[in-house]
Structures are given as structure tokens and as C-alpha cells.
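Trainee: If you count the sequence shown from 1, you need to add 61 to reach our numbering. Quick one: this structure, given as C-alpha cells, is what I'll be asking you about.
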Amino acid sequence: MRYVVIDRGDDHSKQLSERFHTLAAAQGFTLDEHRPDIVISIGGDGTLLEAFHKYVHLLDQVSFIGVHTGHLGFYADWQAHELDTLVMKMAEDKPQYVRYPLIEVVSNTPDGSDRYLALNEFTLKGVEGTLVASIHINDELFEMFRGDGIVVSTPSGSTAYNKSLGGAVIHPSIESLQIAEIASINNRVYRTLGSSVVLPKHHHCDIVSAKESQRLALVVDHITIERNDIRSLRCTVSDKKICFARYRPFPFWRRVRDAFLVEP
Numbered sequence: 062m063r064y065v066v067i068d069r070g071d072d073h074s075k076q077l078s079e080r081f082h083t084l085a086a087a088q089g090f091t092l093d094e095h096r097p098d099i100v101i102s103i104g105g106d107g108t109l110l111e112a113f114h115k116y117v118h119l120l121d122q123v124s125f126i127g128v129h130t131g132h133l134g135f136y137a138d139w140q141a142h143e144l145d146t147l148v149m150k151m152a153e154d155k156p157q158y159v160r161y162p163l164i165e166v167v168s169n170t171p172d173g174s175d176r177y178l179a180l181n182e183f184t185l186k187g188v189e190g191t192l193v194a195s196i197h198i199n200d201e202l203f204e205m206f207r208g209d210g211i212v213v214s215t216p217s218g219s220t221a222y223n224k225s226l227g228g229a230v231i232h233p234s235i236e237s238l239q240i241a242e243i244a245s246i247n248n249r250v251y252r253t254l255g256s257s258v259v260l261p262k263h264h265h266c267d268i269v270s271a272k273e274s275q276r277l278a279l280v281v282d283h284i285t286i287e288r289n290d291i292r293s294l295r296c297t298v299s300d301k302k303i304c305f306a307r308y309r310p311f312p313f314w315r316r317v318r319d320a321f322l323v324e325p
């Protein structure tokens, strides 16, 4: 088995990373940073997002495992004290592979287009003022938006920024994207639905800038891109998915309960 470890960088996560390498070597695993079979994330959800984007070009070949060392690890199946058990199960058991949907975002500029994948969400905001944009669903104008920004989330990402905006929590088996507003302004010129909108896989959404040189911040998970030449963004459910290797059951609704409803 070829593996790589991405850790958060704090002392505790680094120590766990070294411990994992020691245990993995004893089981005959091979450290391979270029072509791993499994990516181990040690830290929090931010670390898992970092690992995802580092190996996004290998999504068809790799699976991910999260080891939680922070306060909230929604994507993590394992806690720090369970590292020995995890390595033993990796050596002895065959995992169940669980795949979560992703969002594909294509930004269009006069010079061409750029394509991004998001595991949690992408956010569009105005840098020097409010965001002004029209939202089109399946090539038909849906609404004119003016406000702080727009968040488009995956089902697994529906528990993150989207949830704080009052969006729905969606099970990852429902291949969809969700559009949520950040502080929209509603008057007789700009009027929005005022609630989140869920689109199925075969639908698409276009966010079209209403200003010719509007400086925008496009945040894909944790990666921020600022540009003043984005004309439009097309958002779809990607044909690609992230794959998690599960060595024990950890249902989605249990994750939601443990993250938001159960006291530590």
C-alpha cells in the first residue's frame, strides 16, 4: 500500500504523523508522495481540504482518511488515540469506499476560462463593495443579486458556511449543489428569493457579473483568487467525486449529530 500523510503542522499533529510513519513501516506500507493509494489527513477539516486540493489531480486513483486532532473534524473518522487501531485495520481489513459529490466551477474571463473543484463550497464576494450579479438557472434569468456574496456548496459542505447562512443540510447521496445568499439587499431593483436553492445534478447555475470591472474574490474551499476580469461563473455538480476509505461505519447523520448536537 502506498500512502502519504498531510498534517496540520502543529506539534501534536506532527508527532502523530511521525507515529503513523513508524507504524506504517512496520506493516510494510510504502511512503509515496507522488502516487499514493491513500492520503492520510491528520488535523482538522482544513487539513483535509488542503490534502484534497493537493491531490485533486489524482481523484480517480486515491482515497482519503481523516484523523481528527482539533475541535471539530467533520470529515475525520478517527481520533488521535486510535492511530494504532487505524494502521492495523489498514493492514488487515478491506475498506468500504464512500464517494461524495463535488462542485465544478468554471470562471470565464476575456482571456479564457479556469476550472476549479470544491469539496465544501465556493464563495463569491465583492472586494471593494457589494457583489452585483445576475443568477441564471439552466440559461434562464432567475434573479438579480446585490449583497455581500453568494455561497455554492456541495452536500457534504452544506454543514459548513452554508449552514451558518440558514441553508439546508443535505445528505451526500443526493448529488446536488446549493446556492445560499450572504446579506442580500432587496428593493424594487434588486430582488432575490431570500432562501437557499438546491439544484440537482443535471442542472447548472451561472453567476454573471453586472459590472464590467468588478473586483471579485472567488474562494474555493480555503483558496482565495482575486480578479477584476471575471465575467461569469458556471456552477455544476462535477462528474468527479472524492473517495473516502472507511474501515468502520460512520454514517453521515451520526457525523451531523456529533458535530452539532452532542455536547463534548
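For glycine and all other residues, C-beta sits at the position ideal for the given N, C-alpha and C.
Contact between the region 143-162 and the region 183-203: three or more CB pairs below 8 Å?
Mentor: Remark: fewer than three beta-carbon pairs, one from each stretch, lie closer than 8 Å, so the region 143-162 and the region 183-203 are not flagged as touching.
Trainee: Could you say if the region 134-147 and the region 291-298 meet the contact criterion of at least three C-beta pairs nearer than 8 Å?
Mentor: no
Trainee: Quick check: the Cα distance between cysteine 266 and leucine 84, rounded to an integer number of angstroms?
Mentor: Residue 266 sits at position 205 when you count from the first residue of the sequence shown. Residue 84 sits at position 23 when you count from the first residue of the sequence shown. Going from the Cα of cysteine 266 to the Cα of leucine 84 covers about 47 Å.
Trainee: Decide yes or no for the touch test of the region 102-117 against the region 174-181: beta carbon pairs closer than 8 Å, at least 3 of them.
Mentor: They touch, by the three-pair rule.
Trainee: What residues in its chain sit with their C-beta under 7 Å from that of glycine 89, if we drop five residues either side in the sequence?
Mentor: To locate residue 89, count along the sequence shown from 1; it is residue 28. The beta carbon of glycine 89 sits closer than 7 Å to none of the beta carbons in its chain outside the five residues before and after it.
Trainee: Whose C-beta lies closer than 6 Å to the C-beta of isoleucine 246 among residues of the same chain, with five residues either side of it excluded?
Mentor: The residue you call residue 246 lines up with position 185 of the sequence shown. Contacts found: Arg207 and Gly208.
Trainee: Taking all protein chains shown into account, decide if lysine 302 is buried (16 or more other Cβ within 10 angstroms of its Cβ) or exposed.
Mentor: One-based indexing of the sequence shown puts residue 302 at position 241. The residue is buried, with at least 16 neighbouring Cβ atoms inside 10 Å.
Trainee: If distances are taken between C-alpha atoms only, which option among Glu236, Ile240 and Gln275 comes closest to asparagine 223?
Mentor: The residue given as residue 223 occupies position 162 in the sequence shown. Of Glu236, Ile240 and Gln275, the residue nearest in Cα terms is Ile240.
Trainee: From the DSSP output, in three-state form, read off lysine 302 for me.
Mentor: Along the sequence shown, one-based indexing puts residue 302 at 241. Reduced to three states, the DSSP call for lysine 302 is strand.
Trainee: Less than 8 Å between the C-beta atoms of histidine 232 and phenylalanine 305, yes or no?
Mentor: Translated into positions along the sequence shown, residue 232 becomes position 171. Translated into positions along the sequence shown, residue 305 becomes position 244. No, the Cβ-Cβ distance between histidine 232 and phenylalanine 305 is not below 8 Å.
Trainee: Taking C-beta to C-beta, are serine 102 and glycine 70 nearer than 8 Å?
Mentor: Walking along the sequence shown from the start, residue 102 turns up at place 41. Walking along the sequence shown from the start, residue 70 turns up at place 9. No, these two residues do not count as a Cβ contact at 8 Å.
Trainee: Can you grab the Cα-Cα spacing for the pair leucine 120 / valine 250, in whole Å?
Mentor: Taking the sequence shown and counting its residues from 1, the one referred to as residue 120 is at position 59. Taking the sequence shown and counting its residues from 1, the one referred to as residue 250 is at position 189. Distance between the alpha carbons of leucine 120 and valine 250 is about 43 Å.
Trainee: Please tell me whether tyrosine 64 and leucine 92 are closer than 8 Å, where the distance is taken between their beta carbons.
Mentor: The residue given as residue 64 occupies position 3 in the sequence shown. The residue given as residue 92 occupies position 31 in the sequence shown. The answer is yes: Cβ separation under 8 Å.
Trainee: Just mark valine 323 as buried or exposed, buried being the case when its beta carbon has 16 or more other beta carbons within 10 Å.
Mentor: In the sequence shown, the residue the question calls residue 323 occupies position 262. With fewer than 16 other Cβ atoms within 10 Å, it is exposed.
Trainee: Just how far apart, CA to CA, sit isoleucine 243 and alanine 320?
Mentor: Position 182 of the sequence shown, counted from the start, is the residue given in the question as residue 243. Position 259 of the sequence shown, counted from the start, is the residue given in the question as residue 320. Rounded to whole angstroms, isoleucine 243 to alanine 320 spans 23 Å at the Cα level.
Trainee: By alpha-carbon positions, which one of Phe203, Gln275, Glu165 and Ser256 ends up nearest to threonine 215?
Mentor: Within the sequence shown, residue 215 is the residue found at index 154, counting from 1. Answer by Cα proximity: Glu165.
Trainee: Using the Cα positions of isoleucine 284 and serine 237, report the straight-line distance between them to the nearest angstrom.
Mentor: Counted from its first residue, the sequence shown places residue 284 at position 223. Counted from its first residue, the sequence shown places residue 237 at position 176. Taking the straight line from one Cα to the other gives about 22 Å.
Trainee: Name the one or two DSSP bridge partners that proline 162 has.
Mentor: For the purposes of this step, residue 162 is taken as residue 101 along the sequence shown, with counting starting at 1. DSSP lists Lys302 as partners of proline 162.
Trainee: Give the straight-line distance between the Cα atoms of valine 259 and alanine 87, rounded to the nearest whole angstrom.
Mentor: Position 198 of the sequence shown holds residue 259. Position 26 of the sequence shown holds residue 87. When rounded, the distance between both Cα atoms is 47 Å.
Trainee: At the level of alpha carbons, what is the spacing between serine 168 and aspartate 300?
Mentor: Here residue 168 corresponds to residue number 107 of the sequence shown, with the count starting at 1. Here residue 300 corresponds to residue number 239 of the sequence shown, with the count starting at 1. Spanning the two alpha carbons is a distance of roughly 18 Å.
Trainee: Can you have a look at serine 274 and say buried or exposed, based on whether 16 or more other CB atoms are within 10 angstroms of its CB?
Mentor: Reading the sequence shown from its first residue, position 213 is the one you call residue 274. Counting Cβ neighbours within 10 Å, serine 274 comes out exposed, since fewer than 16 surround it.
Trainee: Can you give the beta carbon distance from threonine 253 to glutamate 204, rounded, assuming they're within the 8 Å contact cut?
Mentor: Mapped onto the sequence shown, residue 253 falls at position 192. Mapped onto the sequence shown, residue 204 falls at position 143. Beta-carbon to beta-carbon, threonine 253 and glutamate 204 are separated by about 5 Å, close enough to satisfy the 8 Å threshold.
Trainee: In chain order, what residues of the same chain have a beta carbon less than 6 Å from the beta carbon of serine 174, not counting five sequence neighbours either side?
Mentor: Reading the sequence shown from its first residue, position 113 is the one you call residue 174. Same-chain partners within the cutoff: Val167.
Trainee: Helix, strand or coil for glutamine 76? Go by DSSP, reduced to three states.
Mentor: Sequence index remark: in the sequence shown, residue 76 carries index 15 (1-based). If DSSP states are grouped into helix, strand and coil, glutamine 76 belongs with the helices.
Trainee: Which residue or residues does DSSP assign as beta-bridge partners of alanine 194?
Mentor: Residue numbering aside, residue 194 sits at position 133 when the sequence shown is read from its first letter. Paired residues: Phe206 and Ser270.
Trainee: I need the straight-line Cα distance from valine 281 to histidine 118, nearest angstrom please.
Mentor: Here residue 281 is taken as the residue at index 220 of the sequence shown, counted from 1. Here residue 118 is taken as the residue at index 57 of the sequence shown, counted from 1. Their Cα atoms are separated by approximately 16 Å.
Trainee: Rounded to whole angstroms, what's the CA-CA distance from isoleucine 235 to cysteine 296? Just pull it up for me.
Mentor: Looking up residue 235 in the sequence shown gives position 174. Looking up residue 296 in the sequence shown gives position 235. Their Cα atoms are separated by approximately 16 Å.
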